[in-house]
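Below is one structure, written out as structure tokens; comments come after it.
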Amino acid sequence: MYSVLIVDDEPMIREGLRTLLPWEELGYEVVDTASNGREALRKHELLRPDLMIVDIRMPGMDGLELIEALREVDAGLHILILSGYADFDYAKKAILSRVDGYLLKPVDEDELEQYLRKLKTTLQEERARSKQADRWEEATKEQRVLAALRGGGDAGDGFGWPSYELVLIKLLAREDIDPIVAAAVRKEWAAAYEPTGKGVLFAAEPYVGLLWKHRLEDADARESLLRSLREPCHDRGLDCDAVSGGETSEWDRLESLYERALELMKDRFYYDADELRRYGDAGAPSAAGGPEALSAESASDATRDLEDKLYLAVDVGNADAASRLVDEAGRLMREAGLPEQTLKTRIVQIVSAVVGKLATNRPELQTVDRRLSVDMLALFREYRYDELLRATKSLFHSLMSATEEQGAEKLVKRVVDLIRRNYHENLKLETIAELFHYNSAYLGKVFKQSTGEYFNTYLDKVRIEQAKALLEQGMKVYQVAEQVGYANVDYFHTKFRKYVGTSPSAYKKKE
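In this text, residue positions in the sequence shown follow UniProt numbering: the first is 1, and each later residue adds one.
As structure tokens, this is what we get:
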């Protein structure tokens, strides 16, 4: 749809032209009207129409003066002239001003429509050429940046910006990234930054490069850029990180900024998720610690000691100690400057060793061991240091929960077996807990979780079931009470009625 602004000092002409033709069917939209030349200039600046239909004679600034003023600011604007009578002098001047047509009032509908159809073809061709030129300009800009990064650029190739900030971006995901999705993200970045003149994207495999027009010294500016980079990523289930090699006003120093950014990218794994690290920031470019940091070999030896401690912490179910030891192992390896993949491999080795020892000493954990092997491999897909440690702790906590759960099930089974064999004895939760070396409160809790019954309720139900069987055999009530573990006959009566709904004597008679 092409926009049209109508300029005439007569209201009837302005409104008549609005309704004279089916503008939208012809591919046009009348966006506004103006009653004089000065108003037309203001509205042109605001609306930037594709076509203006201008009355040649108006009070104040006439049509030719208006056209002359418009040509100074918009040389490509299309204009149709309106005139109340044939004036060849005006027509001659209008032609010199490069107008597209000369219409006499009253306007002939067919003549105007013919002009509009012809103009539409011209406008379509111009728009296509403009898009192609824009694409060519952006492609040319990328080639100029790439040439500079290879050390082949000189000052004359620059964009004339006051400064250049070089940013590298890495797309991130826990699964393989679909190239089509990656291309869609890059296309959205280009649409957001290039037409507005904010920056130029360039290929920098395996990264995406962005030459930014503004300095990123301010933390708010870096945060804003990182947020805008992540929006199209998050919309597609991806994430991204970015680093900056710094800023220069000299085009021939872009290669140096690029090398700095590549150096920062080596340690990207260790940076905070919400940080766009810039060369010269605290801690840049290396994530390695100071002079007291261990060497990579020493860090590996130190983590072997932590591996043994981790096994003991997990074995006894001490989640806090396990978390602290994971953090300590991560810190030692980070300060030693271990590369991302080396650190991940060592973390998985530690987890595998702990799980292996537990499974050896607890055969019931063999099934858990197989399930956790999948989770261990998933650690390699974590793309941030903090998330890797969090996932490692979570894996150990899951292992402890499984260990505790299976241990609790085994314990409850032993208690149930003991009750069924010894229900006639004076059984108490405290006595059994002491027998199995457990706290009575803990034993009562896991017993209820596993059986759905409190210990005393479960014991009473077992005793009453046995009592029913003995009564059916003809045994006397007091004898039955004694046989199933109730020293007090009245207490036995109370319990029997509670669970059976009738007295022992009545139950015996019924049977």
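Backbone N, C-alpha and C define an ideal beta-carbon position, used for all residues, glycine too.
- Counting only the Cα atoms, R384 lies some 8 Å from Y271.
- The beta carbon of A467 sits closer than 6 Å to the beta carbons of V480, V484 from its chain, once the five residues preceding and following it are set aside; these are given in chain order.
- In terms of Cα proximity to E194, the closest of Y423, V354, V416, K141 is K141.
- Below 8 Å, too few C-beta pairs join the stretch 231-245 and the stretch 118-127 to call them touching: fewer than three.
- Per the C-alpha coordinates, the member of G330, K508, G27 positioned closest to Q473 is K508.
- Out of Y423, V416, G197, the CA that lies nearest to the CA of K448 is found in V416.
- Taken through DSSP and simplified to helix, strand or coil, K198 comes out as coil.
- Its chain contains K213 as the residues whose beta carbon lies nearer than 6 Å to that of W161, once the 5 sequence neighbours on both sides are disregarded; these appear in chain order.
- According to DSSP, G209 shares a beta bridge with L168, F202.
- At the C-beta level, G151 and W251 stay beyond 7 Å of one another.
- The continuous alpha helix (DSSP H) containing S323 extends over residues 319-335.
- Under the criterion of beta carbons closer than 8 Å, A34 and L5 qualify as touching, at roughly 7 Å.
- For T33, the three-state secondary structure derived from DSSP is strand.
- Beta-bridge partners of S3 (DSSP): E29.
- Within the model, the alpha-carbon separation for P59 versus S3 is close to 25 Å.
- Contact between L80 and L172 does not hold, since the beta-carbon distance rounds to 55 Å and is not under 8 Å.
- Counting C-beta pairs with one atom in each stretch, the stretch 247-261 and the stretch 311-318 have fewer than three that are closer than 8 Å, which means they do not touch.
- Approximately 15 Å separates the beta-carbon atoms of L103 and L26; this is outside 8 Å, ruling out the contact.
- Annotation for Y507: the continuous alpha helix (DSSP H) segment containing it runs 504-510.
- Listed in chain order, the non-local C-beta contacts of L372 below 7 Å within the same chain comprise V355, L395, L399, local neighbours out to five positions each way being set aside.
- From the listed residues E175, E15, E45, D460, the smallest Cα separation to Y499 is found for D460.
- In the three-state DSSP reduction, I67 falls in the helix class (H, G or I).
- A straight line joining the alpha-carbon of L168 with that of E217 spans about 16 Å.
- Taking each of D320, R278, S130, S83 in turn and checking the Cα distance to G76, the smallest one comes out for S130.
- Taking 7 Å as the cut-off, the Cβ atoms of Y207 and K266 do not count as close.
- Counting the other CB atoms within 10 Å of its CB gives H78 a total of 16 or more, which places it among the buried residues.
- Closest option to V73, judged by alpha-carbon separation, among D62, P49, G84, D55: P49.
- The alpha carbon of G84 has as its nearest neighbour, out of D32, D8, T19, D100, the alpha carbon of D8.
- Here DSSP, grouped into helix, strand and coil, assigns I419 to helix.
- Secondary structure note for M52: its beta strand (DSSP E) is the uninterrupted segment 51-55.
- Going by DSSP, L82 is part of no alpha helix (DSSP H) but of the beta strand (DSSP E) stretching over 78-83.
- Ranked by Cα distance from K410, the options I177, V446, F380 are led by V446.
- In the three-state scheme derived from DSSP, where H, G and I count as helix and E and B as strand, Y102 is classed as strand.
- No residue range can be given for S163, since it is assigned to no alpha helix (DSSP H) and is classified by DSSP as neither H nor E.
- The alpha carbon of A506 has as its nearest neighbour, out of A204, A487, K476, D220, the alpha carbon of K476.
- Annotation for D460: the continuous alpha helix (DSSP H) segment containing it runs 455-472.
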